[in-house]
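Take the sequence shown: its letters are residues 18 to 254, numbered as in the numbering used here. Glycine is no exception: its CB is placed at the ideal position from the N, C-alpha and C atoms. It should be emphasised that the depicted structure is a prediction, and the values quoted were computed from it without experimental measurement. So the structure is just underneath, and the comments pick up after that.
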Amino acid sequence: MAKNSSPDAAAPKPKKKRWYHQLWDVYKMVREAQPSITWLLLLIIIGGTAVGFGLGVLFNQQVYFTILALPFSLLGAMFLLARKAESTAYRRIEGEPGAVSAALGTIKRGWNIEEEPVVIDPRTQDMVFRAVGKPGVVLISEGPPHRVKKLLENERRRTARVIPNVPFVLLECGQEEGQIPLPKIASRVQRQKGKLTKNEVAEVSKRLRALHRNTLPIPKGVDPRKARPDRKGMRGR
18 MAKNSSPDAA APKPKKKRWY HQLWDVYKMV REAQPSITWL LLLIIIGGTA VGFGLGVLFN
78 QQVYFTILAL PFSLLGAMFL LARKAESTAY RRIEGEPGAV SAALGTIKRG WNIEEEPVVI
138 DPRTQDMVFR AVGKPGVVLI SEGPPHRVKK LLENERRRTA RVIPNVPFVL LECGQEEGQI
198 PLPKIASRVQ RQKGKLTKNE VAEVSKRLRA LHRNTLPIPK GVDPRKARPD RKGMRGR
């Protein structure tokens, strides 16, 4: 008698992408936005190797210097590709609802960051995101400045009732005057001066998690968090 097998067991497991597959995907993404990237990468690799060969001729060690220059040339090309991929990804998600979440997602250490917005205006879809670190509570808005100022201030007041005497930083992300462009929002958050200890940051985060959060999802469309280039793939892992 034939054994019954569940559909899940019969379904083939998806193949895990190797680092070179991820690298190729990043290259295709950048090439689509900037076709000249191929020539720029070749220029760095060939130019760097040529410099190494020239130094080898000067010191009568052509093979040694050429071989030594090749990995440095490849590293320079990968660095350029990573920078172009990051800027391309930001351009693709800029203006999409929840893009600030993608930018904050590049911050890896020292911060407790809410992936979902803590406030969403259901009418305008303006949002406020929150990050907690040694500088205190950082609230970052997404939307036009004439609308988000009130949204930011209301959230600051609401949060301050739970954590009095904790410093707040209010930032506006956007392209209008006085706002911070999306690619710079993560670095601006990280550059804030520290005022809390590590234990205080943990306590503040614990209290804020107890707050009732706005559970409205990010509006349907492009998921900004899926648009970030894979940094491990860029490093060849």
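What's the gap between the Cα of residue i and the Cα of residue j?
i	j	result
Lys-60	Gly-160	In the sequence as displayed, the identity of residue 60 is Leu instead of Lys. Using only the alpha carbons, I get a separation of about 40 Å.
Asn-231	Asp-138	In this prediction, Asn-231 scores a pLDDT of 44, lower than 50, which makes its location untrustworthy; no coordinate-derived value is stated.
Arg-35	Glu-49	22 Å
Val-179	Phe-146	17 Å
Lys-210	Asn-77	52 Å
Phe-82	Ala-99	26 Å
Arg-226	Val-183	15 Å
Thr-141	Arg-164	9 Å
Gly-71	Arg-109	41 Å
Pro-181	Asn-216	16 Å
Leu-58	Glu-220	48 Å
Gly-64	Ser-222	50 Å
Val-218	Tyr-37	39 Å
Arg-175	Ala-119	25 Å
Lys-166	Ser-158	8 Å
Glu-113	Thr-105	14 Å
Thr-214	Gly-115	29 Å
Ala-177	Ala-203	23 Å
Gln-51	Arg-224	46 Å
Leu-97	Leu-40	13 Å
Quick one: give me the first and last residue of the beta strand (DSSP E) that residue i is part of.
i	result
Ile-157	153–159
Can you tell me where the alpha helix (DSSP H) with residue i in it begins and where it stops?
i	result
Val-145	First-last for Val-145: 144–150, but that is the beta strand (DSSP E), not the alpha helix (DSSP H).
Leu-85	79–110
Val-186	Val-186 -> not in any alpha helix (DSSP H); beta strand (DSSP E) instead, spanning 185–190.
Ile-63	54–76
Arg-224	215–226
Ile-202	202–207
Leu-128	It should be pointed out that residue 128 corresponds to Trp in this sequence rather than to Leu. No alpha helix (DSSP H) holds Trp-128; DSSP gives it neither H nor E.
Gln-196	That residue, Gln-196, is in no alpha helix (DSSP H); it is neither H nor E in DSSP.
Val-47	36–50
Val-117	116–121
Lys-167	162–177
Are residue i and residue j touching if we call contact CB-CB under 8 Å?
i	j	result
Glu-131	Leu-199	no
Phe-185	Val-136	no
Gly-195	Pro-162	yes
Ile-54	Ser-90	no
Ala-94	Gly-69	no
Glu-172	Leu-156	yes
Lys-101	Val-47	yes
Taking residue i and residue j to be in contact with their CB atoms under 8 Å, please state how far apart those CB atoms are, rounded to whole angstroms.
i	j	result
Pro-152	Lys-212	6 Å
Asp-143	Leu-168	6 Å
Gln-192	Ile-124	Not a contact, Cβ separation roughly 21 Å.
Val-74	Cys-190	Actually they do not touch by this definition, with Cβ atoms about 52 Å apart.
Arg-205	Leu-188	6 Å
Just checking residue i against the ligand MN - is the residue's beta carbon closer than 7 Å to any of the ligand's heavy atoms?
i	result
Leu-87	The ligand MN is not part of the structure shown, which contains no ligands of any sort.
From the beta carbon of residue i, is the nearest beta carbon of chain C less than 8 Å away?
i	result
Ser-204	Among the chains in the structure shown there is no chain C, since it carries only a single protein chain.
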